[in-house]
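Working notes, beginning with the structure itself.
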Amino acid sequence: MRCLSAARDEVYHAQMIRTLIPDVPFPKLNFEELQPRSLLQLTIENYVEGCIHEGFAALQALWQANHVENKEMKTIFNHIAKDELQHAQLALDIHTWLMSQLNVHERSIVMEAGRLAMNNLKNANRSAHTEDLGLGLPSQKQFQRL
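The sequence shown begins at 326 in our numbering and counts up one residue at a time.
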């Protein structure tokens, strides 16, 4: 139930952001058929996308809520931050169980994937925050601190 709720939240977040910046093109979504994954692959994906990326999304949305000037945007970013924090908690709950199902070597692989994801997150966004668009985005220095 929490997973379905989180998926609905993500659609709603995209719709809210779309109303804020209607002139910026959004990428087309491509829903391919899900491929079977091993428990290790699933654990890595949950850790990287759920724990790390959702956790950072919550942090960034909270930053934006506290730094954007527009009151409507503050409300939207506060809402998104709250939801993203719940998504990260869901991923952490899942992560705890998944990690208990893996052996020591597999757990070390997951943790290394997490370290790599954190480095990629830092590096991928070094130039992504050049234009704020009035959304209260952190500067590059602020982004690195987050």
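Note that beta-carbon positions come from the ideal geometry of N, C-alpha and C, so glycine has one too.
DSSP state of residue i mapped onto helix, strand, coil
i, result
"G375", "helix"
"R343", "helix"
"Q360", "coil"
"F351", "coil"
"L471", "coil"
"V435", "helix"
"M443", "helix"
"V393", "coil"
Enclosing alpha helix (DSSP H) for residue i [first to last residue]
i, result
"S425", "K396 to S425"
"L460", "No alpha helix (DSSP H) holds L460; DSSP gives it neither H nor E."
"N428", "Run containing N428: none; DSSP gives neither H nor E here."
Contact the stretch 400-416 vs the stretch 373-392: 3+ CB pairs below 8 Å
yes
Are three or more beta carbon pairs between the stretch 387-402 and the stretch 415-425 nearer than 8 Å?
no
Cβ contact (3+ pairs, closer than 8 Å) linking the stretch 433-452 and the stretch 365-380
yes
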